[in-house]
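If you're matching them up, the sequences are chains A and B in order.
All letters in the first sequence, in the order written, are residues 19 to 134 by this note's numbering.
All letters in the second sequence, in the order written, are residues 5 to 152 by this note's numbering.
Here the structure comes first, spelled out in structure tokens, and everything after it is commentary.
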Amino acid sequence: MSARPGAASRHWRYQRLTSIALIPLGLWFLVALLRQPSLEHAVVTGWFGKPLQALLATLLGAALLWHSMQGIQVVLEDYVRGKLLGLLLVLARIAHLAAALALGYAIWVLASGGAA
Amino acid sequence: MGSTDPFWQNSLAMPYPADRPLSPHLQVYRPMYTIVLSILHRASGLYLSVCGFLFVGWLFAAALGPDAYACAAAFFSSLALRIVLALALAAFWYHLFAGVRHLAWDAGYGFEKRTARLSGRLMVACAAAALALTLVFTPAGRFVAGLP
């Protein structure tokens, strides 16, 4: 499996890139989350209704889901063998793809004021 | 894979799933502080992956409208989910500081045994301090911690 030349070093490089991106993005999200006056619906829609916040949420979601998939792949490759490994990798990819689509939809709705 | 296998792949008669060096098998090591830290980095990462899906679900509910969001808010306010979120905060800080330590290693710093032990202790102290501060001094932290 994954005998393509350069696949492993590309994986390594993108894991580092996403981890560096997640330092500011993760801190932004945590600080913004903890600074909200409340987490009522109107507050949350107002938060992500701002263009910059929607952009940051998009970047966070992309880096987070990518980094998450890479981390899960590494753990699965270390501890699972055979056909089960392939199955679990496909399931993880489907789950992350579905989450990316759901998150993209949610941010698009919130940023365009559709859920207010 | 033939006789040109790299050194990390040629000693065991097992099909290898990846063309990278795999993590060492833990049974052959005596438990050590730094090993526990390494395992915690994986565990906190997996935990944060699950929490990432919770984050997506939360934002998706907000996008669906006030009724769906009320359901999600009730779910996240339950005692079980508050424990999950408090652990997520701990995992966030741990994985962040442990990740910075890993990036320093990737850049070639801190491989000395003494330095690695020291940076491990420093990283745990930073994560514990950040966790305590966010739990005690923010409204959302006090909410998940069950403080007044």
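Glycine is no exception: its CB is placed at the ideal position from the N, C-alpha and C atoms.
Residue 111 of chain B sits in coil when the DSSP states are folded into three classes, being neither helix nor strand. Residue 148 of chain B and residue 61 of chain A have their C-alpha atoms some 19 Å from each other. In its chain, beyond the 5 residues on either side, 101, 102, 105 have a beta carbon closer than 7 Å to the beta carbon of residue 127 of chain B. Neighbours of residue 108 of chain A across chain B, judged by C-beta separation under 9 Å, do not exist; the nearest C-beta is about 13 Å away. Along the length of the segment 35-85 of chain A, whole alpha helix (DSSP H) runs at least 4 residues long occupy 59-67, reported in chain order.
Ranked by Cα distance from residue 35 of chain A, the first of A:89, A:64, A:58 is A:89. When CB distances to chain B are screened at a threshold of 9 Å, the residues of the segment 89-101 of chain A falling below it are 89, 90, 91, 92, 93, 94, 95, 96, 97, 98, 99, 100, in chain order. One finds nothing in chain B with a Cβ atom closer than 8 Å to the Cβ of residue 70 of chain A; even the nearest lies about 16 Å away.
Those residues of the segment 37-67 of chain B placed with their C-beta closer than 7 Å to a C-beta in chain A are 46, 49, 50, 53, 56, 57, 60, 63, 64, 66, 67, ordered along the chain. The Cβ atoms of residue 58 of chain B and residue 94 of chain B do not sit closer than 7 Å to each other. Taking a beta-carbon distance threshold of 7 Å, residue 23 of chain B counts as an interface residue toward chain A. Here the segment 111-127 of chain B makes no contact with the segment 54-68 of chain A; the two share fewer than three CB pairs at distances below 8 Å. Around the beta carbon of residue 104 of chain A, a 10 Å sphere encloses fewer than 16 other beta carbons of the protein chains shown; the residue is thus reported as exposed.
Scanning chain A for C-beta atoms nearer than 9 Å to the C-beta of residue 96 of chain B yields 44, 48, reported in chain order.
Rounded to the nearest angstrom, the Cβ distance from residue 78 of chain B to residue 124 of chain A is 19 Å, too far for a contact under 8 Å. For residue 37 of chain A, the nearest beta carbon of chain B is closer than 7 Å to its own beta carbon.
Between residue 70 of chain B and chain A, the shortest Cβ-Cβ separation is below 7 Å. Three or more pairs of CB atoms, one per stretch, sit closer than 8 Å, so the segment 107-125 of chain A contacts the segment 79-88 of chain A. For residue 65 of chain B, the enclosing alpha helix (DSSP H) covers residues 37-68. Nearest neighbour of residue 111 of chain A by Cα position, chosen from B:107, B:87, B:53, turns out to be B:53. From the listed residues A:100, A:32, A:115, A:51, the smallest Cα separation to residue 143 of chain B is found for A:51. Taking the Cα positions, residue 120 of chain B is about 21 Å away from residue 30 of chain A. Just so you know, the alpha carbons of residue 114 of chain B and residue 41 of chain B end up roughly 15 Å apart. DSSP places residue 103 of chain A in the helix class (H, G or I) of the three-state scheme. Per DSSP, reduced to three states, the secondary structure at residue 111 of chain A is helical. With fewer than 16 other CB atoms across the displayed protein chains lying within 10 angstroms of its CB, residue 109 of chain B is exposed.
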